[in-house]
Each structure stands twice: as structure tokens, then as C-alpha cells.
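Visitor: Dumping the structure here so I can ask a few things about it.
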Amino acid sequence: MATDTARKHDETVCEVAFVNKERVQAVRARIPQADILEKLSEIFKVLGDPSRLRIVSALNVRELCVCDIASLLGASISAVSHQLRILRNLKLVKHRKEGKMVYYSLDDACIEKLIREGLKHIQE
1 MATDTARKHD
11 ETVCEVAFVN
21 KERVQAVRAR
31 IPQADILEKL
41 SEIFKVLGDP
51 SRLRIVSALN
61 VRELCVCDIA
71 SLLGASISAV
81 SHQLRILRNL
91 KLVKHRKEGK
101 MVYYSLDDAC
111 IEKLIREGLK
121 HIQE
């Protein structure tokens, strides 16, 4: 049993410690700075919540008012408003007021694409 574990470990880790400095420098030059990755991490954390992801998925279909979203999710208007505020703070959704109604939609096509690509990834 220990031999199987050692063999699996051997297959997933280099047998010698050698750093290809050229490759490392080339990759380092192309990856985003730490502060940018931190912001991206926040977006993924927010989208990691099932309620917020359901809201974003619904808004990926069409613009909806808070009451419609609450009905769709089976949640209170207050709870949905709280989730929308979090999404709005990260510029994932935007809102517009029309008379007494407030309608929400995805902030831009990048968010639509992120959801579409995520769904495509899990459906493969």
C-alpha cells in the first residue's frame, strides 16, 4: 500500500529539483499583480455563494426587478436586496429605477461570458 502511494507521488512530482529560470521569468511577467488577483479572488468568492450565483444566472437570462428575483429564489425581498448589494459593490450587477420599480441586470458582457463559460465547463 505504501508503495502505491509512493508511486503515485513519484508520478506527480519532479524527480529532481530544477528551476527553469527562463520559464519562471516569462510566466511571472505575464501573470497579474497580487492586488489584481486579490480583486479577482473576491469576485469568485462572491460567486461561490449559491444564492448569489442563482441571482446572476437569472440576470444572465434577462433584467429583473427585486420582487421578481425574490419570487424566483423563494427568498425575501430583504434577503435578495442584501445579495444584490454585494454583487453591485463588485460591479457584477447594475440597477436602474423606472418609476417605483428597480430593475437589475448584469453589469457587462464579461459577466455573461463568465457564467456561460462556467456552465459550459461543467457540462463537458
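Quick note on numbering: the working numbering labels position 113 of the sequence shown as 113, and the sequence is numbered without any gaps.
Don't be surprised by glycine CBs; every beta carbon is placed ideally from N, CA and C.
These numbers come from a predicted model, not from an experiment.
1. For D49, which option in S105, R23, R96, L84 has the closest C-alpha, if you only look at C-alpha atoms?
2. On the CB-based measure, 16 or more other CB atoms within 10 Å of its CB, does R62 come out buried or exposed?
3. From the DSSP output, in three-state form, read off C110 for me.
4. State the Cα-Cα distance for the pair I122 and I77, rounded to the nearest angstrom.
5. Buried or exposed for I69, going by 16 or more other Cβ atoms inside 10 Å?
6. Is it a yes or a no for the stretch 98-112 touching the stretch 26-40, going by three-plus beta-carbon pairs under 8 Å?
7. With a Cβ-Cβ cutoff of 8 Å, do R30 and L87 count as a contact?
Guide: Per the coordinate set shown:
1. The residue labelled residue 49 in the question sits at position 49 within the sequence shown. For the residues S105, R23, R96, L84, the minimum Cα distance to D49 belongs to L84.
2. Position 62 of the sequence shown holds residue 62. That one is exposed.
3. Working through the sequence shown from its first residue, we reach residue 110 at position 110. DSSP places C110 in helix when its eight states are reduced to three.
4. The residue given as residue 122 occupies position 122 in the sequence shown. The residue given as residue 77 occupies position 77 in the sequence shown. Near 30 Å, if we compare the C-alpha coordinates of I77 and I122.
5. What you label residue 69 is simply residue 69 of the sequence shown in a count that begins at 1. By the 10 Å Cβ count, I69 comes out buried.
6. no
7. As a first step, residue 30 is located in the sequence shown; it is residue number 30 there, counting from the start. As a first step, residue 87 is located in the sequence shown; it is residue number 87 there, counting from the start. For R30 and L87, no; Cβs fall outside 8 Å.
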